[in-house]
Amino acid sequence: GIQVEQSPPDLILQEGANSTLRCNFSDSVNNLQWFHQNPWGQLINLFYIPSGTKQNGRLSATTVATERYSLLYISSSQTTDSGVYFCAVDPPDDKIIFGKGTRLHILP
Amino acid sequence: DTGVTQSPTHLIKTRGQQVTLRCSPISGHKSVSWYQQVLGQGPQFIFQYYEKEERGRGNFPDRFSARQFPNYSSELNVNALLLGDSALYLCASSQGQHTGELFFGEGSRLTVL
Chain A
82 GIQVEQSPPD LILQEGANST LRCNFSDSVN NLQWFHQNPW GQLINLFYIP
132 SGTKQNGRLS ATTVATERYS LLYISSSQTT DSGVYFCAVD PPDDKIIFGK
182 GTRLHILP
Chain B
13 DTGVTQSPTH LIKTRGQQVT LRCSPISGHK SVSWYQQVLG QGPQFIFQYY
63 EKEERGRGNF PDRFSARQFP NYSSELNVNA LLLGDSALYL CASSQGQHTG
113 ELFFGEGSRL TVL
């Protein structure tokens, strides 16, 4: 099946710093989503981005489907950005596959 | 606009028991999917239902079953619980037959003793 790899697994930054999270996938997919998991476990939608670039405030994402990767950019980090970020891909059989996540710690 | 709702939020069971988890999708969404997330890992796909029919099943034993009702709500059942079934169970809804953009509920945290 398709492999989804996220990097880095852990990231510690000072408040105000910028960060780039990466998601690589091993085969063609129909769609890709980025989520932020809050401390209570809920997955919050960030981007639905099968290809191209989208921006939402301090966050933006780029997916290059032909090269099988997606990037999530967080600028001017805030402590509330802490948590786990997941990418999830939708393969042709619709059985969604999540990466193992990037755990982000923003220090005040 | 109400989001995806799941119940119960927390529950504790003992080995061998059975559990039923419930999910109500966003109004207008016809597809519901279920995921298991064990501590420290990403969610794993269990089932997808669309228009009351199973459209996909992940690599889980037959102890796991689900169904979708005419109002598009769904139940996930797990029989003969094992300690390893302890996890956060997440439900997501989406609009169409093919997965599309997923919206998740807050999850049901199951502890098996």
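Chain order of the listed sequences is A and B. Sequential numbering from 82 applies to the first sequence in the numbering used here. Sequential numbering from 13 applies to the second sequence in the numbering used here. Using N, Cα and C, we set each Cβ at its ideal position, and we do this for glycine too. Owing to the predicted nature of the structure, the values given are computational and were not obtained by experimental measurement.
- By the rule that beta-carbons nearer than 8 Å mark a contact, residue 67/B touches chain A.
- Within chain B, 118 have C-beta atoms less than 7 Å from the C-beta of residue 121/A, given in sequence order.
- By the C-beta density criterion, residue 110/A is buried, having at least 16 other C-beta atoms within 10 angstroms.
- Taking a cut-off of 8 Å on C-beta distances, the region 75 to 93 of chain B does not touch the region 83 to 90 of chain A, as fewer than three cross pairs fall below it.
- Residue 26/B carries a coil assignment under DSSP once its states are collapsed to helix, strand and coil.
- By the neighbour-count definition (other C-beta atoms within 10 Å, threshold 16), residue 125/A is an exposed residue.
- Here DSSP, grouped into helix, strand and coil, assigns residue 99/B to strand.
- Below the 7 Å Cβ cutoff, chain B contributes 113 as neighbours of residue 129/A, in chain order.
- With 16 or more neighbouring CB atoms inside 10 Å of its own CB, residue 167/A falls in the buried class.
- The closest CA to that of residue 151/A, considering only 92/A, 176/A, 94/A, 112/A, is found on 112/A.
- The region 97 to 106 of chain A makes contact with the region 154 to 173 of chain A, as at least three CB pairs between them are under 8 Å.
- Residue 40/B sits away from residue 109/B, with the two beta carbons spaced by 8 Å or more.
- In the structure shown, residue 104/B falls within a strand segment according to DSSP collapsed to helix, strand and coil.
- Put simply, the backbone Cα of residue 189/A is about 20 Å away from that of residue 102/A.
- Using a Cβ distance threshold of 8 Å, residue 100/B and residue 29/B do not count as a contacting pair.
- Between residue 44/B and residue 103/B, the gap from beta carbon to beta carbon is short of 8 Å.
- In this structure, residue 58/B keeps its C-beta atom at 8 Å or more from the C-beta atom of residue 81/B.
- Within chain A, the residues placing a beta-carbon under 7 Å from that of residue 55/B are 179, ordered along the chain.
- With three or more CB-CB distances shorter than 8 Å, the region 142 to 158 of chain A counts as touching the region 116 to 134 of chain A.
- Here residue 117/A is buried, its C-beta having at least 16 other C-beta atoms within 10 Å.
- Taking CB atoms only, residue 126/A has a neighbour in chain B less than 8 Å away.
- Across the region 22 to 47 of chain B, CB contacts with chain A closer than 8 Å involve 45, 47, in sequence order along the chain.
- Its chain contains 169, 170, 171 as the residues whose beta carbon lies nearer than 8 Å to that of residue 177/A, once the 5 sequence neighbours on both sides are disregarded; these appear in chain order.
- For residue 72/B, no beta strand (DSSP E) run applies, since DSSP gives it neither H nor E.
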